[in-house]
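Asks: Sharing a structure with you now.
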Amino acid sequence: MRLARLGPPGAEIATVVVDGTHHDLRPVLSSLGVADLGPAFFAADGLARTAEALADGSLPELADAADLRVGAPLARPGKIVCIGLNYRDHAAETGARLPEEPILFMKDPSTVVGPFDQVLVPVGSTKTDWEVELGVVIGRTARYLASPEESRSHVAGYVVSHDVSEREFQLERGGQWDKGKSCETFNPLGPELVTADEVADPQDLRLTLSVNDVPRQDGTTADMIFGVDHVIWYLSQFMVLEPGDLINTGTPAGVALGLPGNPYLKDGDVVELEITGLGRAVQTFAQATR
Numbered sequence: 016m017r018l019a020r021l022g023p024p025g026a027e028i029a030t031v032v033v034d035g036t037h038h039d040l041r042p043v044l045s046s047l048g049v050a051d052l053g054p055a056f057f058a059a060d061g062l063a064r065t066a067e068a069l070a071d072g073s074l075p076e077l078a079d080a081a082d083l084r085v086g087a088p089l090a091r092p093g094k095i096v097c098i099g100l101n102y103r104d105h106a107a108e109t110g111a112r113l114p115e116e117p118i119l120f121m122k123d124p125s126t127v128v129g130p131f132d133q134v135l136v137p138v139g140s141t142k143t144d145w146e147v148e149l150g151v152v153i154g155r156t157a158r159y160l161a162s163p164e165e166s167r168s169h170v171a172g173y174v175v176s177h178d179v180s181e182r183e184f185q186l187e188r189g190g191q192w193d194k195g196k197s198c199e200t201f202n203p204l205g206p207e208l209v210t211a212d213e214v215a216d217p218q219d220l221r222l223t224l225s226v227n228d229v230p231r232q233d234g235t236t237a238d239m240i241f242g243v244d245h246v247i248w249y250l251s252q253f254m255v256l257e258p259g260d261l262i263n264t265g266t267p268a269g270v271a272l273g274l275p276g277n278p279y280l281k282d283g284d285v286v287e288l289e290i291t292g293l294g295r296a297v298q299t300f301a302q303a304t305r
């Protein structure tokens with residue numbers, strides 16, 4: 016299944032997409048007693064209820080879907096956990112040693128915006144950077160998993176995630192990476208959340224990103240240092256992963272930080288990103304004001 020949310024910010028309509036047609040999910044949400052495609056939906060076994068509703072034909076088409084804004088397919092995750100330097104070529108381009116264990120940092124859940132929404136370059140920023148990433152949405156609670164082989168059954172689905180970063184804030188201002196990752200609008204997400212059963216192998220997906228039509232990133236999840244299963248198992252040893260949590264799994268080479276001249280993002284730049292089978296997103300960057 017493919018889940019989406021359409022409409023203005025804060026008033027999105029949840030849908031399930033079948034052959035390009037959006038079906039209104041509000042009857043399912045109402046039956047579950049939840050408001051949106053967020054943590055409560057996944058905790059209430061919303062995916063199974065959605066499949067049942069599709070099978071019995073009880074979900075009406077959303078007639079005006081083509082005219083509506085595309086929102087993030089996940090309404091405000093409970094938490095966003097990110098993995099740093101998780102691609103061999105990206106670690107090499109930044110001059111970093113390959114990590115022996117996953118590098119973890121957190122990102123403010125309020126950074127999530129739609130896949131075609133405007134993204135803001137922070138006030139005072141000179142090093143705003145791009146990072147196309149495979150996002151993993153947790154479907155059921157994972158705590159102290161015994162092995163990576165248990166991880167896949169805890170995944171609700173996968174999504175295109177843009178882990179926008181401000182490198183000066185992240186690397187040159189002391190403290191944790193979080194403050195270079197948590198600026199407003201810094202996690203465009205979507206267009207669709209593709210359920211786990213639709214993705215045969217999350218380690219066989221191509222990720223691409225261009226800036227102003229110039230190709231910048233072209234990688235594959237096969238180059239991850241720590242694969243999706245390992246990452247989920249590893250995280251579960253240190254924190255409880257709950258339904259509706261988002262994991263950003265790292266980015267391949269080609270970020271501005273590692274390119275000659277460091278062509279960081281500025282007002283008016285357009286970024287286009289795509290992951291095999293998960294969809295395409297486009298964001299225009301604009302300068303934030305106080």
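Residue numbers (this note's numbering): 16 to 305. Beta carbons: idealized from backbone N, C-alpha and C, even for Gly.
1) Rounded to whole angstroms, what's the CA-CA distance from I98 to I153? Just pull it up for me.
2) Given this structure, state the Cα-to-Cα distance separating T65 from M16, to the nearest angstrom.
3) In the region 129-176, which residue ranges form an unbroken beta strand (DSSP E) of at least 3 residues, counting only runs that do not cross its ends?
4) Between the Cα of V246 and the Cα atoms of P267, I118 and D39, which residue gives the shortest distance?
5) Excluding sequence positions up to five away, which residues of its chain have a Cβ less than 6 Å from the Cβ of F131?
6) Relative to the C-alpha of I262, which candidate in D178, D238 and A78 has its C-alpha closest?
7) Do K142 and R112 have their CB atoms nearer than 8 Å?
8) Please report the straight-line C-alpha distance between A107 and L69, rounded to a whole angstrom.
9) What residues match up with L47 in a beta bridge as DSSP calls it?
10) Whole angstroms is fine: what's the gap from N277's alpha carbon to V33's?
11) Does the region 203-220 come close enough to the region 187-195 that 3 or more CB-CB pairs lie under 8 Å?
12) Classify F253 as buried or exposed, calling it buried when 16 or more other Cβ atoms lie within 10 Å of its own Cβ.
Replies: Here's the rundown:
1) Whole-angstrom Cα-Cα distance: 15 Å.
2) Going from the Cα of T65 to the Cα of M16 covers about 9 Å.
3) 134-136 and 147-153
4) I118
5) Excluding sequence neighbours, F131 sits near V85 and V297.
6) D178
7) Cβ distance not < 8 Å, so K142 and R112 don't count as in contact.
8) Counting only the Cα atoms, L69 lies some 46 Å from A107.
9) Looking at the DSSP assignment, L47 forms no beta bridge with any residue, so it has no partner.
10) A straight-line Cα-Cα distance of about 41 Å links N277 and V33.
11) Using a Cβ-Cβ distance cut-off of 8 Å, the region 187-195 and the region 203-220 are not in contact, since fewer than three pairs of beta carbons, one from each stretch, lie closer than that value.
12) exposed
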